[in-house]
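The block underneath contains the structure these notes are about, expressed in structure tokens.
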Amino acid sequence: MTLRYLLRKLLYGLSVLWGVITLVFLLFNVLPDDPARLTMGQRSDLASIENVRKELNLDKPVMTRYFLYLNDISPLALHNRDSASRDKYHYHVLVSLGKDKALVLKQPYLGRSYQSKRPVWDVLSDALPGTILLAFTAMIVATVLGIGLGVLAALKKGTVWDTSAILASVAGISAPSFFAGLIIAYIFGYWLSGITGLSMVGSLWEYDTFGGRHLALRNLVLPAFTLGIRPLAIITQLTRSALLDVLSQDYIRTAYAKGLNKRQVVWRHALPNALNPVVTAISGWLAELLAGSFFVEFIFSWKGIGKLTVDSLDKFDFPVVMGAILITAAVFVIINMLTDLIYTWIDPRVKLR
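So this is what it looks like as structure tokens:
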């Protein structure tokens, strides 16, 4: 693994993030509504609205606002030592550039929510753990069930078990998450709720009449299964295909000739060598799940980045929407970069070009 390869991956990731940042900024700046009026409300006086316009830099040209926006969200930024800058973020001075300016290391500043007036970073920090928990749970469910069903289908090739696994995986790949979520919520959260004990909506924490908070893991079951349906289907097919290919290799026949039983051959020799494409799929789908949980969170009212984004769109709380998109894009890029590095470490046959 060369330094040149790592730098190329880093530059690629940064270029993707820059593209997302630019698109988000342009989208926000072509909206017909006045952000200052959205912040203060329709009944605010003109003087208050004008003050907010100055605070949001809306009185400056678009290109100036763009560079100020880049400066705000970048962890490495040019800092003006005035009261406005000090109120925005905490920083560590790297290089002093004169009396009033310095190059600083800081937390990205995403603005303030129009609705709650809280920093967007704090709002997203409250919602992000829910999305991460949901995505990881969905990935664990998809991985365990997918590998198990794939092994079963490969070992029972040509039987009803194999056919059922193939048909189920095709249906899982084809079904949109929004449609699958509605069906699953209705059947298991409403129609059969008396049997399953599950509800259509709910978050990780529930509150009683006295304000006490209780952990409600049962509310995670339906959204995690819904979100994991598509990766479950793909992992099943990949495991089946890869295992069938490995089982036809000469060294597997040699293992049988040495007297090993079927369980030893499959679990010790065949399956470990069939998991490379599965590992790649798991890593890639984890990023997809983090970025694709919007509809699932909305359907099940699961408190996470997805539901927060949909609710913020409904309330025209654009700084929160912009921050959610940027955080999601950053997580997506980071996980995909780590996936490439992990895959080259797992499989030395992969050449870094």
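Here the UniProt record's numbering is used: the first residue of the sequence shown is 1, the next is one more, and so on.
Backbone N, C-alpha and C fix where the C-beta goes; we use that ideal spot for every residue, glycine too.
ask   = What is the C-beta distance between residue 104 and residue 97, in whole angstroms, given that I count them as a contact (C-beta under 8 Å)?
value = Locating residue 104 in the sequence shown gives position 104, counting from the first residue. Locating residue 97 in the sequence shown gives position 97, counting from the first residue. That pair is no contact at about 10 Å.
request  = Taking residue 213 as part of the beta strand (DSSP E), name the residues at either end of that continuous run.
outcome  = Residue numbering aside, residue 213 sits at position 213 when the sequence shown is read from its first letter. Note, residue 213: beta strand (DSSP E), 213-215.
inquiry  = Using a Cβ distance threshold of 8 Å, determine whether the segment 230-242 contacts the segment 169-183, with at least three qualifying pairs required.
reply    = yes
key: Option in 333, 153, 292 with minimal Cα separation from residue 177   = Here residue 177 refers to the residue found at position 177 of the sequence shown. Minimum Cα distance to residue 177 is reached at 292.
ask   = Rounded to whole angstroms, how far is the Cβ of residue 102 from the Cβ of residue 286, which I believe are closer than 8 Å?
value = In the sequence shown, residue 102 corresponds to position 102, counting from 1. In the sequence shown, residue 286 corresponds to position 286, counting from 1. Not quite, the Cβ-Cβ distance comes to about 38 Å (not below 8 Å), so this is no contact.
request  = Within the same chain, show all residues whose beta-carbon is closer than 7 Å to that of residue 112, passing over the 5 residues directly before and after it, in chain order.
outcome  = Sequence index remark: in the sequence shown, residue 112 carries index 112 (1-based). Correct list, in chain order: 118, 119, 120, 319.
Nearest-angstrom Cβ-Cβ length linking residue 259 and residue 130, presumed shorter than 8 Å = Counting from one through the sequence shown, the residue named residue 259 turns up at place 259. Counting from one through the sequence shown, the residue named residue 130 turns up at place 130. No, residue 259 and residue 130 are not in contact; Cβ-Cβ is about 52 Å, not under 8 Å.
query = Can we say the segment 16-27 touches the segment 324-337, given the rule of at least three CB pairs closer than 8 Å?
reply = yes
query = Going along the chain, which residues of its own chain have a beta-carbon closer than 8 Å to the beta-carbon of residue 415, five neighbours each way excluded?
reply = Limits of the chain in this structure are 1 at one end and 353 at the other, which puts residue 415 out of reach.
ask   = If you draw a straight line from the C-alpha of residue 288 to the C-alpha of residue 280, how long is it?
value = Against the sequence shown, residue 288 aligns to sequence position 288. Against the sequence shown, residue 280 aligns to sequence position 280. C-alpha separation (whole angstroms): 13 Å.
inquiry  = Measuring only the C-alpha atoms, how far is residue 8 from residue 337?
reply    = For the purposes of this step, residue 8 is taken as the residue at position 8 of the sequence shown. For the purposes of this step, residue 337 is taken as the residue at position 337 of the sequence shown. The alpha-carbon atoms of residue 8 and residue 337 are separated by roughly 11 Å.
request  = Compute the distance between the beta-carbons of residue 228 and residue 141, then report whether it is under 8 Å.
outcome  = As a position in the sequence shown, residue 228 is number 228, starting the count at 1. As a position in the sequence shown, residue 141 is number 141, starting the count at 1. Against a cut-off of 8 Å, the Cβ pair of residue 141 and residue 228 comes out as a contact.
ask   = DSSP three-state call for residue 96: helix, strand or coil?
value = Sequence index remark: in the sequence shown, residue 96 carries index 96 (1-based). Note: residue 96 maps to strand in three-state DSSP.
query = From 180, 179, 149, pick the residue whose C-alpha is nearest to that of residue 165; which is it?
reply = Working through the sequence shown from its first residue, we reach residue 165 at position 165. Residue 165 has its Cα closest to that of 149, out of 180, 179, 149.
Contact under 8 Å by Cβ, residue 298 with residue 307 = Along the sequence shown, read from residue 1 onward, the residue named residue 298 stands at position 298. Along the sequence shown, read from residue 1 onward, the residue named residue 307 stands at position 307. It is a contact, given that the beta carbons lie within the stated cut-off.
message = Which of the three DSSP states is assigned to residue 90 in this structure?
response = Here residue 90 refers to the residue found at position 90 of the sequence shown. If DSSP states are grouped into helix, strand and coil, residue 90 belongs with coil.
request  = Quick one: residues in its chain with C-beta nearer than 8 Å to the C-beta of residue 124, no 5 flanking neighbours on either side, listed in chain order?
outcome  = Here residue 124 corresponds to residue number 124 of the sequence shown, with the count starting at 1. Taken in chain order, the residues that qualify are 110, 305, 308, 320, 323, 324, 327.
request  = Quick one: using the 10 Å Cβ neighbour count with 16 as the cut-off for buried, is residue 83 buried or exposed?
outcome  = Your numbering for residue 83 matches position 83 in the sequence shown. Caution applies to residue 83, whose pLDDT of 48 falls short of 50 and renders its modelled position unreliable; the value that the coordinates give is listed next. Classification for residue 83: exposed.
key: DSSP state of residue 104 mapped onto helix, strand, coil   = Looking up residue 104 in the sequence shown gives position 104. Correct three-state label for residue 104: strand.
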